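From first to last, the protein sequence lines stand for chains A and B.
Residue numbers 1 to 344, in this note's numbering, belong to the letters of the first sequence in order.
Residue numbers 1001 to 1262, in this note's numbering, belong to the letters of the second sequence in order.
No residue lacks a Cβ here, since even glycine has one placed at the ideal position from N, Cα and C.
All figures in this text were calculated on a predicted structure; none of them were measured in a lab.
Encoded as structure tokens, the structure appears first; notes follow it.
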Amino acid sequence: MQLLPAGYAIWRSLLAAHQGRVTILPATKGHALKALATTYNRGLHRFAVILAFWTFLLIIAGALVTSNDAGLSVPDWPTSFGSLYKIPKLVGGVKFEHTHRMIAQGAGFLTIILALWMWRAEKRRWLRILGIGALGTVIAQGVLGGLTVLFFLPPPISSAHAALAQTFFCLVVAVAVFTGRKWIEEVPRVEFDQRKPSLFTLTLLAIFVLYVQLILGAMFRHHGLSWGPHVVHAAVVSFVLAWTAVRALSVYSQIEAIRRPAILMLSLVIAQLCLGFTAFLTRVSWGRDAIQPELPMVISTVAHVAVGALLLATTVVLAIQVWRHVPVAFEERVPQAERNPSAA
Amino acid sequence: MNRKNSTMFVSVLALFALLALTACSKKENTEQSSNTATEQSAQPAATPIDPATVATVNGTVKFDGTAPKPAKIDMSQDPGCKGTNAADTLVVSNGDLANEFVYVKDGLGNRTFEPPKDPVVLDQKGCQYHPHVLGVMTGQTVQIKNDDPTTHNIHPTPKDNREWNESQPPSAPALEKNFTREEIMLPVKCNQHPWMKMYVNVVKSPFFAVTDKSGKYEIKGLPPGDYTLAFVHEKLGEQEQKVTVAPKETKTVDQSFKAAGE
């Protein structure tokens, strides 16, 4: 027997309570949830996990293209040197650009399979739609990749390509979470959040500031912006993510599904700050007049992009788990008179 | 996903693509309209140049101070690249500065000049461009050759001219290109070999030169008059000198550059 996403069920029950002008339900542990006849599909879940790893590899391959200044080494698209299937000699910048294209083709192919598989096997309609959304995203990503080649890497298109890559990664990671055994079979431990701002709000804010940081970083990498905004915003990101992690760990550390992504998020923030500093040194300070991309710059900037992608995906997972395990109490929506009848 | 949502998603994608196309075509539109404006403005006829009175300007460009050692290039990522592994960004020999573009920036009035029929040659050899700095007139053909056993791509990244990016395999026929608008230090690069960079200087008059390894340049056939001579280097920037030349005069105009920041 499979359970409807627990957070959703609780949210529905809370909404019903709210609509009936009833005050908040007490904190629930092992709250009985509406059952839905869906079983854990190990093959589908593993496939989603493989696609998530493949996408991470694709992000690294894309970062290598940018860091090696190889974005236009294959001047045509959708063909490569005039052919759709021939593999050119993988030397110089072509090695990075064409490898990126081949991995991207693989990601597109895997996403088509995932979307079709989910469409046929998945009983949750919203998850089927998410699969189609992932397919649409990967198609849009391919088109952006092509446009950026055909228009000689204009910063807005190249940055959109970089940002959409990580959006797609987050979508696939979310699909992997939603198809996981724990998500489907486990009865979630639920505690209501009555703090302001709620942990869920904090996680959404964390995703927002990370996304802004991703765009600022991409604009800098693609010569559309100076490094200033990215560096300044790093302080904002660090503050918001630290606040989120501290709240999650200090109040809800007993919930494993919250504790693990929160710890990972905090660790990744620290790693990302160190990598950002190293990338700044190797690219902006020491590498300013470099005659060609140097290895320390390539390693540090690619690692910075990769850890950034992991950080965004981890924060998305944390938000999903918070939504499921720590739903927001609706007490604040109850009219004052009904909350405290004796005062009337 | 219901039909309404699907339509909205496709519409947003289409809008995004349209915006991107509009943004990218803006530069070219500006270029076209600017060309039209130039053509429309009527120019009075210029005084013809009398070959019997033309003057010559020559000189040496020096570098003050100690030049840094040329950066080493790592060509290991392509076995087909077997060139000299020294960058020619700042080439100084005994204080003489090579690869300096010298041209008459001002003083020619409304004279117009036909571009020469002979092309200038840009060669790719040893995975480096030869020459590193090139002067060419607007509309003059640039013949681009590949003498390497590997594929290159030639990618000018201009501010005022049209951008293009073409690959050229080994033994491929020479590419023939030209630039329609004046532009100084127009960067050209190869995205397959990121160390490969050179600069094309596009001017409307034939009065330009590039300093050789001994820092020397010579501009011949200049009609007598007052001119502003510009000396431009890819790293060291631009300096100007006023010069007056009399009929048949040969004038020496030297210039010196200091390292950036000094």
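Inter-residue Cα distance where the pair is residue i and residue j
i                  : j                  : result
GLU1114 of chain B : SER1167 of chain B : 30 Å
PHE109 of chain A  : PHE208 of chain A  : 30 Å
ALA1042 of chain B : ASN1110 of chain B : Any answer about ALA1042 of chain B is weak, because its pLDDT of 47 lies below 50 and its placement is not dependable; what the coordinates show is given next. In a straight line, the C-alpha of ALA1042 of chain B is about 10 Å away from that of ASN1110 of chain B.
ARG345 of chain A  : VAL143 of chain A  : The structure shown does not extend to residue 345 of chain A, since chain A is modelled only from 1 to 344, so the question has no answer here.
ASP69 of chain A   : THR1250 of chain B : 46 Å
ALA303 of chain A  : LEU268 of chain A  : 12 Å
VAL1253 of chain B : PRO1048 of chain B : 25 Å
THR1141 of chain B : GLU1183 of chain B : 15 Å
ALA1246 of chain B : THR1228 of chain B : 15 Å
PRO1158 of chain B : LEU1186 of chain B : 5 Å
GLY62 of chain A   : ASP1064 of chain B : 43 Å
GLU1189 of chain B : LEU266 of chain A  : One point to set straight first is that residue 1189 of chain B is Lys, not Glu, in the sequence displayed. So the two alpha carbons sit approximately 42 Å from each other.
ALA1259 of chain B : LEU1236 of chain B : 7 Å
TYR1217 of chain B : PHE1257 of chain B : 15 Å
LEU127 of chain A  : ASN41 of chain A   : 13 Å
THR301 of chain A  : GLY276 of chain A  : 8 Å
ASP1147 of chain B : ALA1174 of chain B : 10 Å
GLY92 of chain A   : LYS182 of chain A  : 45 Å
MET118 of chain A  : MET219 of chain A  : 35 Å
ASN1085 of chain B : ALA257 of chain A  : 55 Å
ALA1172 of chain B : LYS1145 of chain B : 8 Å
Neighbour flag for residue i against chain B, beta carbons, 8 Å
i                 : result
ILE291 of chain A : yes
GLY71 of chain A  : yes
GLY93 of chain A  : yes
PRO78 of chain A  : no
PHE81 of chain A  : yes
DSSP-derived helix/strand/coil call for residue i
i                  : result
HIS304 of chain A  : helix
ILE1154 of chain B : strand
LYS1159 of chain B : coil
LEU105 of chain A  : Contrary to the premise, residue 105 of chain A reads as Gln rather than Leu in this sequence. Helix.
VAL1202 of chain B : strand
ALA1055 of chain B : strand
ILE1049 of chain B : coil
ALA1172 of chain B : coil
PRO1119 of chain B : coil
GLU1240 of chain B : strand
VAL1061 of chain B : strand
VAL237 of chain A  : helix
SER285 of chain A  : helix
THR66 of chain A   : helix
Closer than 8 Å to chain A by CB, residue i
i                  : result
THR1066 of chain B : no
ASN1165 of chain B : yes
PRO1048 of chain B : no
ASP1123 of chain B : no
ASN1191 of chain B : yes
HIS1233 of chain B : no
ASP1074 of chain B : yes
ALA1172 of chain B : no
THR1089 of chain B : yes
GLY1080 of chain B : yes
GLN1077 of chain B : yes
HIS1130 of chain B : no
Cβ shell of residue i (< 6 Å), same chain only, five flanking positions each side left out
i                  : result
ASN1099 of chain B : VAL1091, HIS1132, VAL1133
PHE178 of chain A  : LEU127
GLU1176 of chain B : THR1141, GLN1143
GLU1240 of chain B : THR1228, ALA1230
THR282 of chain A  : PRO296, MET297, SER300
LYS1197 of chain B : LYS1189
Given residue i as reference, the closest of the options once Cα atoms are compared
i                  : options                                    : result
GLN105 of chain A  : A:TRP54, A:GLU185, A:PRO155, A:PHE192      : A:TRP54
TRP77 of chain A   : A:LEU150, A:ARG221, A:THR314               : A:LEU150
ASN1165 of chain B : A:VAL328, A:ARG181, A:LEU72                : A:LEU72
ASP1050 of chain B : B:PHE1257, B:GLN1241, B:PRO1223            : B:PRO1223
THR278 of chain A  : A:ALA262, A:ALA176, A:ILE299               : A:ILE299
ALA1071 of chain B : B:GLU1163, B:GLN1241, B:VAL1054, B:THR1089 : B:THR1089
GLY1139 of chain B : B:PRO1116, B:ALA1055, B:ALA1230, B:ALA1086 : B:PRO1116
LEU44 of chain A   : A:LYS86, A:ILE112, A:SER67                 : A:ILE112
LEU216 of chain A  : A:PRO156, A:ALA290, A:PRO296, A:ARG189     : A:PRO156
ASP289 of chain A  : B:GLU1234, B:LYS1248, B:GLU1238            : B:GLU1234
GLY1215 of chain B : B:ASN1058, B:ASP1074, B:ASP1096, B:LYS1197 : B:ASP1096
VAL284 of chain A  : A:ALA309, A:SER253, A:ILE255, A:SER226     : A:SER226
Cβ shell of residue i (< 8 Å), same chain only, five flanking positions each side left out
i                 : result
LEU312 of chain A : GLN166, PHE169, CYS170, ILE207, LEU210, TYR211, LEU214
LEU273 of chain A : ALA234, SER238
PHE200 of chain A : ASP193, ALA319, VAL322, TRP323, VAL326, PRO327, VAL328
Close-in-space but distant-in-sequence residues of the same chain around residue i (CB under 7 Å, 5 per side omitted)
i                  : result
LEU204 of chain A  : ALA319
VAL316 of chain A  : CYS170, VAL173, ALA174, ILE207
GLY1266 of chain B : Because residue 1266 of chain B is not part of the residues shown, which for chain B are 1001 to 1262, the question remains open.
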